[in-house]
Amino acid sequence: MPMLSPKELCAIESAALHHPHRPVVVAVNHKYLQLPTSVAKWAKIYPNVIFTQLDINKWLEGTVLLPWLSKGLLDRSLYKISHTSDILRFATMYKYGGLYMDTDVIVLRSMDDLGNAVGLQEYTRQGAVPGIMSFRKHHPIMAECLEELVLRSEEILFMGFVRTAGVTLDSQGTTKQGQVLAKAKTGLR
1 MPMLSPKELC AIESAALHHP HRPVVVAVNH KYLQLPTSVA KWAKIYPNVI
51 FTQLDINKWL EGTVLLPWLS KGLLDRSLYK ISHTSDILRF ATMYKYGGLY
101 MDTDVIVLRS MDDLGNAVGL QEYTRQGAVP GIMSFRKHHP IMAECLEELV
151 LRSEEILFMG FVRTAGVTLD SQGTTKQGQV LAKAKTGLR
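Be aware that the sequence shown starts at 1, since it is given in my numbering, and climbs by one per residue.
Structure representation (structure tokens):
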């Protein structure tokens, strides 16, 4: 039975601590996630933490990715787990907006003042991995990311790009998607 690691639990708790007025949603992809007994204790302290069972079809409803998912391309991806995570992160930001953080991000202060932004965890010729994103609901940059994932899915899923997160670089080091995230970084609203 899968368990969240102490580091992941610490990340979730730190997000809840610094954002007590915001829901901290933890989507799990396993029906029988085992939580340590300590979670029950701090769940009383942080009632804003919500564990939810992930249903990828339901999660992608209302996005251009749902029809794309039905083609079965994701099941044939070279990096299925990473690509699934990428797709869900971008769909979440598009549908709901808010603040997204990987479960290895420890929050040290409130990020409520963060506008539309991307915090890059890794940036290489193969792609960029945003570990933190903040966007308003249906932001055009997130819409462009979803469109790009659909348009370039064959390349992204099967050409060996590692952790593209919807952002890949060509031989000149840029793509439309790279320009999209550059706009986000410069504070385009």
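All residues carry an ideal CB built from backbone N, CA and C; glycine is no exception.
Between the alpha carbons of Ala-11 and Thr-103 lies a gap of roughly 6 Å. 8 Å or more divides the Cβ of Gly-115 from the Cβ of Gly-131. Between Arg-136 and the set Glu-144, Lys-95 and Glu-155, the nearest pair of CA atoms involves Lys-95. By the neighbour-count criterion, in which 16 or more other beta carbons inside 10 Å mark a residue as buried, Ile-45 falls on the exposed side. A residue is called buried when at least 16 other Cβ atoms come within 10 angstroms of its Cβ; Ala-15 meets this threshold and is buried. As DSSP reads the structure, Ala-117 sits in a beta bridge with Ser-134. In this structure Asn-57 does not touch Leu-73 by the C-beta definition: roughly 14 Å separates them, more than the 8 Å allowed.
Measuring C-alpha to C-alpha distances from Thr-52 to each of Val-26, His-138 and Leu-146 identifies Val-26 as the nearest. In this structure, Pro-23 and Ile-50 form a Cβ contact; the two beta carbons are roughly 6 Å apart against a cut-off of 8 Å. Between Leu-65 and Ile-81, the CB-CB gap reaches or exceeds 8 Å. Every beta strand (DSSP E) of 3 residues or more that sits fully in the segment 34-63 is shown, in chain order, as 49-53. For Met-93, the enclosing alpha helix (DSSP H) covers residues 80-96. Secondary structure note for Val-150: its alpha helix (DSSP H) is the uninterrupted segment 140-151. Cβ-Cβ distances below 7 Å link Met-142 to Phe-90, Met-93, Tyr-94 and Phe-135 in the same chain, with the five nearest sequence neighbours on each side left out; the list follows chain order.
Our two residues, Gly-98 and Asn-48, have alpha carbons roughly 14 Å apart in a direct line. For the pair Trp-42 and Glu-13, the CB atoms are nearer than the 8 Å cut-off. When DSSP states are grouped into helix, strand and coil, Leu-74 belongs to the helix group.
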